[in-house]
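Below is one structure, written out as structure tokens, with a few remarks after it.
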Amino acid sequence: MINKAKRVRMLILDVDGVMTDGGIVYSNKGDEFKTFNVKDGLGIRMLIQGEIKVVIISGRKSRAVDYRAEDLGIKDVYQGVKDKVSVFEEILKKDKITSEKVGFIGDDLVDSPLLSKVGFAVSVYDAVDEIKKNVDYVTKHSGGKGAIREVSDLILKAQGKWERCLSQITSPQ
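Following this line, the structure appears as structure tokens:
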């Protein structure tokens, strides 16, 4: 598992159930609200500082995801995706990267095809059992509750980038 984390140059994230706890709240006007974890956000920023590209692929569409991605510096956001593997294959070609250098964090059955294609397959703690049985790593934290931070720390430490990224975060600019 550590050897797989060492190879990661890109981390793909699902949204509902990974970046969030999977809950969806609607206002009386039909606006959709999502809650994101601040610790996960810092982990994403540290990955980007550590030269690990972060990509979002989600089956749903939400303006909240666009706002969160922009806030964190995530440039590649794919929403409303029915076939995550096709988008993944396009990303591999566009970024000239091999699947062995890509990690993906998923949580539900729709993520299974993509989890089987990446070099470092991860599920959150509260993922469905069928997913957890077939990944390289299951987080100790649930989706939207620090799972991404756990994975970002693991990748950065495996690659020897943790201290440098930490000092960039904690040093006054």
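Counted the way my numbering counts, the sequence shown spans residues -12 to 160. Cβ coordinates follow ideal geometry from the N, Cα and C atoms, glycine included.
Residue from the options with nearest C-alpha to residue i
i     : options                 : result
C152  : M(-3), V111 and L29     : L29
Q146  : G37, T126, R136 and L0  : G37
M(-3) : E57, G131, L34 and R55  : L34
K40   : D95, D123, T7 and L59   : L59
G4    : F75, D94, T157 and G133 : D94
D63   : K81, V122, K69 and A114 : K81
I84   : V111, V105 and D70      : V105
A164  : E87, K69, N24 and I78   : Residue numbering for the chain in the displayed model covers -12 to 160; residue 164 lies beyond these limits and cannot be assessed.
K69   : D98, K16 and Y54        : D98
Helix, strand or coil at residue i according to DSSP, with G and I counted as helix
i    : result
E117 : helix
V109 : strand
E76  : helix
V42  : strand
V138 : helix
Beta-carbon spacing of residue i, residue j below 8 Å
i    : j    : result
K120 : P100 : no
V52  : Q66  : yes
I78  : V122 : no
I61  : S139 : no
S129 : D8   : yes
Cβ-based neighbour list, residue i, same chain, cut-off 6 Å, excluding 5 preceding and 5 following
i      : result
K26    : G133 and R136
I(-11) : A145
Y161   : Nothing can be reported for residue 161: it is not among the residues displayed for the chain, which extend from -12 to 160.
Bridge-paired residues (DSSP) for residue i
i    : result
D63  : V42
I92  : L0 and V109
Y13  : E19
V125 : S110
Neighbourhood of residue i by C-beta distance below 7 Å, restricted to the same chain and skipping five residues each side
i     : result
A(-8) : F107, L141, I142 and A145
Any C-beta of chain D under 8 Å from that of residue i
i    : result
K127 : The structure shown contains no chain D; it is built from a single protein chain.
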